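Before any comments, here is the structure.
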Amino acid sequence: MEHISRDKVAAVIVMSRELDRAEGELRGFIDRMDEEEQAALVAVMWIGRGAFDVSEWDDAFATAMNEATTPTADYLIGTPHLSDHLESGLEALGISAIDEEDQLM
């Protein structure tokens, strides 16, 4: 997985589970990411949602970079089951989401 660290994805997963109390923190966290990190986060979510296969990482990332029309935080926060899709995306990429989340605690 290029362009974003595992711990950043895990932090977004943890915060997205607590949206009612952590939305502002999550929004700020995503907004502080650079453009490539935001696109990689979207690509992980898309892979987890099944819109792209793991083998299509480069395509997912390029699409996220080229088609960003709304702020990334707005797009992701408005995505139903965001934490589930991010976890599934990490798992598909061979990364244990549980292990990464546990390291944050």
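Just so you know, we're using this note's numbering here: the sequence shown kicks off at 5 and counts up by one.
Glycine residues also receive a C-beta, built at the ideal position from the N, C-alpha and C atoms.
These numbers were taken from a predicted model, which means no experiment stands behind them.
Excluding the 5 residues flanking it on each side, S87 has same chain C-beta neighbours closer than 6 Å at I17, S20 and R21, in chain order.
E41 and T76 have their C-alpha atoms roughly 10 Å apart. Inter-residue distance for V48 and G82 is about 16 Å (C-alpha atoms, whole angstroms). Per DSSP, G82 lies in no alpha helix (DSSP H) and is assigned neither H nor E. Judged by beta-carbon spacing, R10 lies within the 8 Å limit of I99, meaning their Cβ atoms are closer than that value. V58 is positioned such that its CB atom lies no closer than 8 Å to that of L30.
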